[in-house]
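Reading through the structure tokens given below for one structure.
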Amino acid sequence: MSALNVPASCMVLTSGVEPIEYVKYEAEEEGVPMMLVPGDTKTTMNDLNTIQARATFNHARKLSTFVELVDSHVDVDSIIGALGV
Numbered sequence: 396m397s398a399l400n401v402p403a404s405c406m407v408l409t410s411g412v413e414p415i416e417y418v419k420y421e422a423e424e425e426g427v428p429m430m431l432v433p434g435d436t437k438t439t440m441n442d443l444n445t446i447q448a449r450a451t452f453n454h455a456r457k458l459s460t461f462v463e464l465v466d467s468h469v470d471v472d473s474i475i476g477a478l479g480v
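So in my numbering, the last one in the sequence shown is 480, and the numbering has no gaps at all.
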């Protein structure tokens, strides 16, 4: 639940484990979407860290759309701060 005590664009829940109803309720109250992924935390973080290197852009419009989506839906500064980078 401490994840909801800081500004967050999204909660990534790992290991495919559904959160308890209280966590779902609090996330909804705070307007924080949740993403449930099958991988463990370490694997998921590695996947997120390499997503840009793996993404292919065959059209310039895809890049601009990707940038717009990241800018509007991802709090990069919070992620960087949380990682201590």
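Quick reminder that beta carbons are idealized off the backbone N, C-alpha and C, glycines included.
(message) If distances are taken between C-alpha atoms only, which option among T451, S410, N453 comes closest to T438?
(response) S410
(request) Sort V401, V465, D435 by Cα distance to I446 and report the nearest one. (result) V465
(request) Measure the beta-carbon distance from M429 to L408 and round it to whole angstroms, keeping in mind my assumption that it falls under 8 Å. (result) Their Cβ separation, rounded to whole angstroms, is 6 Å, which keeps M429 and L408 in contact under 8 Å.
(request) At 3 residues or longer, and completely inside the segment 415-474: list those beta strand (DSSP E) runs for me, N to C. (result) 429-431
(message) Between which two residues does the beta strand (DSSP E) holding V407 run?
(response) 406-408
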